[in-house]
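Heads up: the sequence lines are chains A and B, in that order. Here my numbering is used: the first residue of the first sequence is 1422, the next is one more, and so on. Here my numbering is used: the first residue of the second sequence is 10, the next is one more, and so on. Okay, so here's the structure we're looking at.
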Amino acid sequence: MPETLTSQQFRLLRTISFAGVLGEPGDALGLADCDVAALVAELRAAGHVEEDLIALTDGGEATLQTIFDEEYARLADDQRRVMHEAFRPLDVEVKRLASAWQDSDARNDWEGRLEVIEGLEELHHGLASYLAGPAAPVERLDEYRRRIGAALERAQSGELDFVVGVSVDSYHTAWFHLHEDLLRILKEQRDPE
Amino acid sequence: MTADPDRQFIVDIAPDAPQDRALLGGKATSLVLMTKMGAPVPPGFVLTTNAYRAWAAEGDRSVIDAALDEGLERLQNRTGLQIGTGVGGLVVSVRSGSPVSMPGMMETVLNVGLGPLPASGAEAFAYDARARFLLHFSDVVLGLNGAKLDSIWQETLSRDGGHVDPQSVAELEASFRREAADAGVAWPESPDDEIRMAANSVMLSWESKRAKLYRKMRKIDDGLGTAVTVQQMVFGNHDPRSGSGVAFTRDPNNGKLELVGEFLAGGQGEEIVSGRATPQDLETWRAAEPELFARLDDYGKQLESEEQTVQEIEFTVDAGALYLLQSRAAKLTIRAAARAAVEMVEAGTRTKPEAVQYAAEHGFDIGAAASRFRVAAGAAESARGLAVGGGVAAGRLVASEARVLELAESGPVVFVAEETSPKHLQAMQASSAVVTMRGGATSHAAVVARELGIPCVVGVGGHLDGERIVLGQDFVDGDLITVDGDAGALYAGDHAELDPSVPAEDLLLLEWAQSNDRSAA
């Protein structure tokens, strides 16, 4: 590792990189439990974050890439393959459900929405098994279970923006951060659809 | 009648009953309205939501059983028929009825109270009704293994001329009874038991996991509870002049004012709903039964006028006699809702703000109606991909997130990427349309663009090559491009023009919505 980053700094670096630009710091991307302002200041001082907005500098992206490369070199090829392949059906399902949700929305179809929420709940069990099984070698990924689970709970309670909404840390948004994280860990490209 | 209105557990379905959805549920309230109109409704009574709440809070079945006995006693007196005397006696349906619509979540049990039939002597359709009851009751009320029941059903029932033979119904009953014993579930020992167990099952369905989740999602009070409607059965499977149907007071696809729907000759209502049988359209039935059709049409018009919403009516014809079983607000397409809303204003049954609200409840998007563009005639298509929707927009084509944010200050921008991920969100939010070279209808770009309500075409192919953006033809950063998200097509240049063919009802709704906003401001 080129330098020592705390786990919280690493986490924020990842989140900023996946989000491109961090808007209002806060709980929007599952960061409610950390002092985002202080961490941004630290990362800025180290030259990883731009001065005028919360986006990574080229140096910040390079540092992040180095950490990913070094941290996950320990994964065996078999582990990578299983992590990648076991994620694929879950990813197909989340996309199907997101699309079904939007179709239901367009028709204002509550039964359809209910089916999607039930599907997301089912998928969440699948995700938990995935994180405890094939993805267990990267323990920190469990943070996505909490993040996606929180979105599910909000959606079930009637905050429907938490399914695919873009202005909150929705199921869809958090899922795509997980997907992005996996692609970086596994050095894979997205699957063509 | 008891003095405490909270202890009012039984209400007869009759013209003098209160039209109180909270007490009777939606289904029975519509039945009360029908009786007021003089429409033919089979006699029945309602176990009210008060009864449900007492049952849920006190856990005391005896209160409910006593209320149910009282209701049945009154129903037997009204009809002059007795429960448990076969098909010539009183046979009932036991239906849920919640104050709010909970589609597909609550139970209904038909053909209840027949009891075991004699080996011969009953009318042929009675055996058919009994067999249907046994299957549904064992599945829904007793909770026995559905796949197992189905396989027993297939093995046991032999049908002759559309009717099941009495012997095989007796065998079916014996087999299901054994299944229940094996599962440790009590089998109803009398027709009264059948009714009590069915009513109990309906009330329990309010507490199902699915129903609870639905209410949580919609922020519906768990304490509302369900009513249970017990109503004399009419038999759509009675004879050749019988059947069941569903009718809409306007076409649910386009909103045209005409009675449309389906009719299943010789069938019971649940077969239409389940899709197990193929019904005929209502026009065909009309040719066979013009008088019944005319009466149904007339009741439909009255119901729509009373309820001020397009109605979906369940009806049954029993030996040539028409009965209305339910009427509720119909599910409509956006187009149908917009047309119906405008026509109701023209007919004077709705105000303009109510019409706007009605259309919006069915998904009509005022904002989209306000800015409907189309591609000008003669524009040459440069590339085609998968249509995600969102209409038509034109803007300057840009492939970098930073350039999007810069150029969007001075005019519309079309963002193009090989594919998108969360890091492109800001760029997409600032864009008027999105194009991707890879990805399908459920890709990140498609979902986010639909969420943002902007035109999007995905999977166009092409590539980025230094300064060149290859999308069927070469573009460079800042070139004008038109995106038709509905057709999945791209055009070089700005060819977006206001669509003069926007339906007249959309323009009216838009005008009414804007005048609402002005008067509210």
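C-beta atoms are modelled at their ideal positions from N, C-alpha and C, and glycine is treated no differently. These numbers were taken from a predicted model, which means no experiment stands behind them.
| Asked | Found |
| --- | --- |
| Cα-Cα separation between V237/B and R87/B, rounded to whole angstroms | 19 Å |
| Given I92/B as reference, the closest of V118/B, R104/B and G124/B once Cα atoms are compared | G124/B |
| Under 7 Å from the C-beta of E1601/A: neighbouring residues of chain B | S430 and P431 |
| 4 or more residues per run - each alpha helix (DSSP H) lying fully within the segment 377–450 of chain B | 410–416 and 434–439 |
| Residues that P112/B contacts on chain A, provided the C-beta gap is smaller than 8 Å | W1531 and E1532 |
| DSSP state of S184/B mapped onto helix, strand, coil | helix |
| Cβ of Q435/B within 8 Å of any chain A Cβ | yes |
| Same chain only: Cβ atoms within 7 Å of L1552/A, ignoring 5 sequence neighbours per side | L1562, D1563 and R1566 |
| Strand pairing of T491/B, partner residues [DSSP] | A403/B and Y500/B |
| Segment limits, alpha helix (DSSP H) that includes G1468/A | Per DSSP, G1468/A belongs to no alpha helix (DSSP H) and is neither H nor E. |
| The segment 48–59 of chain B touching the segment 251–259 of chain B, judged by at least three CB pairs closer than 8 Å | no |
| Exposure label - Q523/B; buried when at least 16 CB within 10 Å | exposed |
| Local Cβ density within 10 Å of L519/B, reported as buried at 16 or more and exposed below that | buried |
| Rounded Cβ spacing between V178/B and R139/B (contact assumed at less than 8 Å) | 5 Å |
| Neighbour flag for T1478/A against chain B, beta carbons, 8 Å | no |
| Near the ligand FMN: D201/B beta-carbon under 7 Å from a heavy atom | Annotation note on the ligand FMN: not contained in the displayed structure, which lists no ligands. |
| Backbone CA spacing between K310/B and P362/B [nearest angstrom] | 22 Å |
| Under 8 Å between C-beta atoms of G1579/A and K225/B | yes |
| Proximity to G252/B [Cα-Cα], best of L266/B, L273/B, G232/B and L268/B | L273/B |
| Below-8 Å beta-carbon distance, I1538/A vs any chain B residue | yes |
| H504/B versus D488/B, R187/B and R141/B, residue with shortest Cα-Cα distance | D488/B |
| Listed by chain order, chain B residues near F1597/A by CB distance under 8 Å | S430, P431 and H453 |
| C-alpha gap between G130/B and V50/B, whole angstroms | 29 Å |
| Residue-level contact to chain B via CB, H1545/A, 8 Å cutoff | no |
| Contact list for the segment 1574–1595 of chain A against chain B, Cβ threshold 8 Å | A1576, Q1577, S1578, G1579, L1581, V1585, G1586, V1587, H1593 and T1594 |
| N59/B, DSSP secondary structure in three states | helix |
| Pairwise C-alpha distance: V351/B and L517/B | 8 Å |
| Interface residues of chain A facing M242/B [CB-CB closer than 8 Å] | Simply none; closest approach about 27 Å. |
| Limits of the beta strand (DSSP E) - the one that S253/B falls within | G252 to F257 |
| Residue from V269/B, M46/B and S107/B with nearest C-alpha to R62/B | S107/B |
| Coil, strand or helix - M1422/A by DSSP | Below a pLDDT of 50, predicted positions are generally treated as unreliable, and M1422/A, at 44, falls in that range; the measurement from the model is reported next regardless. Residue state, collapsed to three classes: coil. |
| As assigned by DSSP and simplified to three states, the class of D483/B | strand |
| Cβ contact check for the segment 204–216 of chain B and the segment 183–193 of chain B: 3 or more pairs under 8 Å | no |
| Within-8 Å CB hit, A60/B to chain A | no |
| Beta carbon proximity, L33/B to chain A, threshold 8 Å | no |
| With 16 other Cβ atoms within 10 Å as the buried cut-off, status of A417/B | buried |
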